[in-house]
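First up is the structure itself, then whatever we jot down about it.
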Amino acid sequence: MHDIKLELYDSNLGKKIPFEPNDRNQVKIYSCGPTVYNYSHLGNLRSYIFVDALRRTIKLFGYQPDQSMNITDIDDKIIRESISQNISIEEFTKPWTEKFFADLETLNIEKLEHYPKATESIDDMMHIIERLEDQGMTYEKDGNIYFSIGKFREYGSLSKIDTSGMISGARYDADEYEKENVRDFVLWKAPKEEGEKFWNTKKGKGRPGWHLECSAMIRKVYQSGVDIHTGGIDLLFPHHENEVAQSKGAYPKEEFVKYWLHCEHLLVEGQKMSKSKGNFYILSDIIGKGYNWKAIRYVLLSFHYRTKLNFSFDRLEEAKISIEKIQNTLNRLLELSFEKKIAIPEPLKSQSDFLNRIPVSVAKEAYHEMLKGLADDINSPKVLASVFENIKILNSKLDRDELSSEDILDYLLYFRAIDSFLGIFEFKRENQSSIAADQESYILSKIAERKKAKLDRDFKLADSIRDDLKSQGIILEDSKDGSVKWKIDK
Ligand code: AMP
Ligand code: ZN
Numbered sequence: 011m012h013d014i015k016l017e018l019y020d021s022n023l024g025k026k027i028p029f030e031p032n033d034r035n036q037v038k039i040y041s042c043g044p045t046v047y048n049y050s051h052l053g054n055l056r057s058y059i060f061v062d063a064l065r066r067t068i069k070l071f072g073y074q075p076d077q078s079m080n081i082t083d084i085d086d087k088i089i090r091e092s093i094s095q096n097i098s099i100e101e102f103t104k105p106w107t108e109k110f111f112a113d114l115e116t117l118n119i120e121k122l123e124h125y126p127k128a129t130e131s132i133d134d135m136m137h138i139i140e141r142l143e144d145q146g147m148t149y150e151k152d153g154n155i156y157f158s159i160g161k162f163r164e165y166g167s168l169s170k171i172d173t174s175g176m177i178s179g180a181r182y183d184a185d186e187y188e189k190e191n192v193r194d195f196v197l198w199k200a201p202k203e204e205g206e207k208f209w210n211t212k213k214g215k216g217r218p219g220w221h222l223e224c225s226a227m228i229r230k231v232y233q234s235g236v237d238i239h240t241g242g243i244d245l246l247f248p249h250h251e252n253e254v255a256q257s258k259g260a261y262p263k264e265e266f267v268k269y270w271l272h273c274e275h276l277l278v279e280g281q282k283m284s285k286s287k288g289n290f291y292i293l294s295d296i297i298g299k300g301y302n303w304k305a306i307r308y309v310l311l312s313f314h315y316r317t318k319l320n321f322s323f324d325r326l327e328e329a330k331i332s333i334e335k336i337q338n339t340l341n342r343l344l345e346l347s348f349e350k351k352i353a354i355p356e357p358l359k360s361q362s363d364f365l366n367r368i369p370v371s372v373a374k375e376a377y378h379e380m381l382k383g384l385a386d387d388i389n390s391p392k393v394l395a396s397v398f399e400n401i402k403i404l405n406s407k408l409d410r411d412e413l414s415s416e417d418i419l420d421y422l423l424y425f426r427a428i429d430s431f432l433g434i435f436e437f438k439r440e441n442q443s444s445i446a447a448d449q450e451s452y453i454l455s456k457i458a459e460r461k462k463a464k465l466d467r468d469f470k471l472a473d474s475i476r477d478d479l480k481s482q483g484i485i486l487e488d489s490k491d492g493s494v495k496w497k498i499d500k
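Count along the sequence shown from 1, then add 10; that gives the number in the numbering used here.
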């Protein structure tokens, strides 16, 4: 074990504070997810990658996450689109939900424990409305039910919004609105348009307001508040402010959220990437241009989540080179482990893996540097800088052939730890999996013989070993860094 303590930046307090969840074996995290009415653009994906980075970080620190991301499958936009296409909202949202999950898989974003859907949480919404009614915080107008923000003393405290100019009793019905429109917001909406989806409830016919959905889904999944709540920075007001009002209004004695984390925007030429501005890229556009998902994941992870990130294709090119640098060093280590008959350690999975299967000797310092970067509010650029420093050191150790078997295993565990965060590296030796073990050791002994012949400057012998192997269908490849790879001639 190490004694490095994780700190996270809490948007509510406006500073970094030590992370102390209520139960280290069940860290409850809720993240605002997609509204499934269109493709996710790269900006949306940045916020999901952030959720993944948070998950992977807390696992590296030995915590067990119990995480949710909601699927907003009913809101103003969804209703509008399904009516105009003359299909039910279920038919309309299903393919978009599938596309969302496919994108997560493409980017190697880990699966969470829960993906609650708004349309499956109507009873939980009713329950919150009833509790708010009991507290006298709601009122009805034209079949809609509103939250009266004047009745909730702390309104505005999360987003630090100025409520002084607020007009008592003024309302706002749209799901999304700006700071200038700080008003009573709608919890439950009576159906308006012909063909609009509604639920028949004891509060009358209607459908939920967007803000109520998240408060209800948190309750549905956890029957309590959460340790961490995340979302894009654009959700701080009004969405998260309204969630606080609803949840604390309904359950005044309970803690709702211990740490609020917000991810900054992805920009294009200085402007927020968004569907409404039309300045967005979707994943398949970028992959269609020949870029690998790894480069996309790397770019999104290589900037700190609280800084704005200007997207460009040059960044993807740079990312590709950076990934190759790290992977090449890892490949050298893998080759060496093969020569020395050291098994490649399995990926870290369980809580005990993250606590116990860690570097303890030559790579310990490198591993601690990585953790220190993550401990500093998931400072991924700091982590990457330390990785590059350490692979430089490792490469020179490899050049000098000074790694013992224990050292090799220790470094392999270091790479496993790095990849538990980055999630982009390959841990297999190319083309070697289909070969029997005795055949492998034969080839390796021939490679070693050839290496020695070269050192003795007996190039004739070195060439004949290579040609001999070739006649048996084994091709040797000399890399610039001095290592030798082999593959089966096809
Ligand atoms: P939506 O599907 O629009 O509700 O957004 C899903 C998530 O993506 C939310 O957490 C938003 O805050 C986030 N988001 C939207 N646009 C961007 C952007 N350009 N950069 C980062 N996050 C974004
Ligand atoms: Zn939400």
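The C-beta atom is built at its ideal place from N, Cα and C for all residues, glycine as well.
| field | N338 versus E379 - alpha carbon distance | value | 21 Å
| query | With distances taken from CA atoms, which of Q233, H272 and I68 is nearest D244? | reply | H272
| said: Only counting the same chain, and skipping five residues up and downstream in sequence, which positions put a Cβ closer than 8 Å to that of R66? | reply: E120, S430, F431 and G433
| said: Would you say the beta carbon of C273 is closer than 6 Å to some non-hydrogen atom of the ligand ZN? | reply: no
| said: If I measure Cβ to Cβ from L326 and keep anything under 7 Å in the same chain, skipping five residues before and after, which residues do I get? | reply: Y301, A305, I306 and V309
| said: I'd like the list of long-range same chain contacts for G43, defined as Cβ closer than 6 Å, with 5 residues on each side in sequence excluded. | reply: M79, N80 and I81
| S444, DSSP secondary structure in three states | Note that S444 has pLDDT 49, beneath the 50 cutoff, so the model's placement of it is unreliable and the number below is only indicative. DSSP places S444 in coil when its eight states are reduced to three.
| Going along the chain, which unbroken runs of the alpha helix (DSSP H) with 4 or more residues stay wholly within the stretch 388-449? | 390-409 and 415-432
| Is the beta carbon of I485 less than 7 Å from the beta carbon of E459? | no
| message | Closer than 6 Å to a non-hydrogen atom of the ligand AMP - does that hold for the CB of K282? | response | yes
| Any contact of the stretch 111-129 with the stretch 151-163, i.e. 3+ C-beta pairs under 8 Å? | no
| message | Taking 6 Å as the cut-off, is the C-beta of P44 nearer than that to any heavy atom in the ligand AMP? | response | yes
| query | Does the stretch 260-275 come close enough to the stretch 195-203 that 3 or more CB-CB pairs lie under 8 Å? | reply | no
| message | Taking the beta carbon of T240 as the centre, do at least 16 other beta carbons fall within 10 Å, making it buried, or is it exposed? | response | buried
| In chain order, what residues of the same chain have a beta carbon less than 6 Å from the beta carbon of S169, not counting five sequence neighbours either side? | L246, F247 and E251
| According to DSSP, residues forming a beta bridge with M79 | S41
| message | Give me, in chain order, the residues of the same chain whose beta-carbon lies closer than 6 Å to that of F29; leave out the 5 immediate sequence neighbours on both sides. | response | L16 and L18
| field | Classification of V370 by the beta-carbon crowding that lies within 10 angstroms, buried from 16 upward | value | exposed
| request: Please name the residue, chosen from E349, F323 and R410, that lies closest to L52 on a Cα-to-Cα basis. | output: F323
| field | Residue from K351, K461 and I84 with nearest C-alpha to R439 | value | K351
| Are there three or more Cβ pairs, one per stretch, closer than 8 Å when the stretch 20-39 is compared with the stretch 84-94? | no
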